[in-house]
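Residue numbers (the numbering used here): 19 to 359. Heads up, the beta-carbon is just placed ideally off N, CA and C, and yes, glycines get one too. Notes follow the structure.
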Amino acid sequence: MRPALFAFLALVVTLLVPHVVAAADPLPQHAGALPPVASGRSLGAAVGSAPDAEHPRGTIFVAAPLASCGAAIVEWDLATSRSVRTACLGLPAGSMHVARAGAMLYVVREGYAGASEARTLATMEIPSLRVVRRIGLPSGGTSGIATDGTLVAVASGGGLEPRRWSLTTLDTAGNVLGRSESAGELGMPEASVAVLGGNVYVGLAASGGVRPRLVLLDSRATLVRQIAVEVSDSSVWLGVKGGAILVAGGSELLEVSSRLDVLARHPVSAQGKVAVSPDGRVLTGYGDEVFTDTLTLERTLPWGGHMHWVHDVLWSGTTAVEVTSEPTGGGPAVVTWVALP
């Protein structure tokens, strides 16, 4: 879905869906612009260093298509809104996605959405930000990457073939464990993949009259089970909370068991990515909402994400972070954060 249309639909949902907002004192927000990035490309983010004397709010890693050197990783200091260090991957600018497991980063660089250009997965050591391994991935559209610390999964949409999608699983050393490619009456994943307990979960957008689906595969990318997802939007985003999968779609946030049983439904104000904090709180992207570990609304954040293209959301300890740009993908990319009590 185009970012501008995406943001417009999210705003409509926000205005039309009745929703009770938790009373909470407003919290100050902090923002800083990243180095110039290529227009119209996605960015990804992952947790960096924990807060310490040098970086009191910690750092995050941003996978960004920099105008200066193409695909890159930027370690960003939240407190100072400055780059700590930058590593260029030696690849042209493209949409970027990143996940972290221990002392390693896993970075996906893709070409133009819908292009036949192959994608690349780079494995990087965090201490040196050195690329230690590269592998090619099948060509395709929008990608998503996730890891549980032992298993890495990369899902891709169909690009010019919207009913085609693929999944590659790897161990943390970057060795391919399995590949799966499917065509037929399934949608395409839009950065919606999660890993839990050695299994992979892929969220598939609605396509050709087929409702959104949640697919369970094992570590070798073998299909185990799939279900239709009853949500109010055509796209779904996934997260992991404890032993459950969170599925965000439109005005609902679903809790789903590891075997794909729907456990509960919770109202949210708008669609968007989800992130879970170490203490179990849940942050939604376009909804700008924080939920407690029991998934009751704690507060609404002041940053107005539904008016932007939200590239990624994450937590740095108890600090909620989002990476955004204008709905058209132009202008600077901005890291915004709010420290929660």
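- Within the stretch 249-332, the runs of beta strand (DSSP E) at least 3 residues long that lie entirely inside it are, in chain order, 255-259, 262-267, 270-274, 280-285, 292-294, 300-302, 307-309 and 315-318.
- In the DSSP annotation of this structure, P359 is not part of any beta strand (DSSP E), being labelled neither H nor E.
- Residue burial annotation: L271 is buried, with at least 16 other C-beta atoms found within 10 angstroms of its C-beta.
- When the Cα atoms are used, V150 and I91 turn out to be separated by approximately 14 Å.
- Within the DSSP bridge table, the entry for V65 names I78 as partners.
- In this structure, L232 lies away from D166, with their beta-carbon atoms at least 9 Å apart.
- Looking at P54, P44 and S60, the one whose alpha-carbon comes closest to that of H326 is S60.
- Under the DSSP assignment, S157 falls outside any beta strand (DSSP E); it carries neither an H nor an E label.
- D236 and V228 do not touch by the CB rule: their CB atoms are close to 23 Å apart, not below 8 Å.
- If you draw a straight line from the Cα of P44 to the Cα of V356, it comes to about 10 Å.
- The secondary-structure analysis by DSSP pairs H48 across a beta bridge with W355.
- Nearest in C-alpha terms to G108, of all of G257, V126 and D189, is V126.
- If the five residues before and after T310 are omitted, its C-beta is found closer than 7 Å to the C-beta atoms of R299 and E316, all from its own chain and listed in chain order.
- Boundaries of the beta strand (DSSP E) around S174: L169 to S174.
- L84 carries a strand assignment under DSSP once its states are collapsed to helix, strand and coil.
- Per DSSP, the unbroken beta strand (DSSP E) holding H115 starts and ends at S113 to A119.
- Checking the DSSP bridge columns, you'll see L185 partnered with A173 and S198.
- Just so you know, the alpha carbons of G66 and A282 end up roughly 32 Å apart.
- In the structure shown, the three-state DSSP call for R148 is strand.
- Of the residues K259, G196 and I263, the one whose Cα lies closest to the Cα of V220 is I263.
- In the DSSP assignment, the residues bridged to E143 are M122 and R148.
- In this structure, G76 and A68 form a Cβ contact; the two beta carbons are roughly 5 Å apart against a cut-off of 8 Å.
- Within a 10 Å sphere around the beta-carbon of T240 sit fewer than 16 other beta-carbons, which makes this residue exposed.
- Assignment of beta-bridge partners to A191 by DSSP yields no partner.
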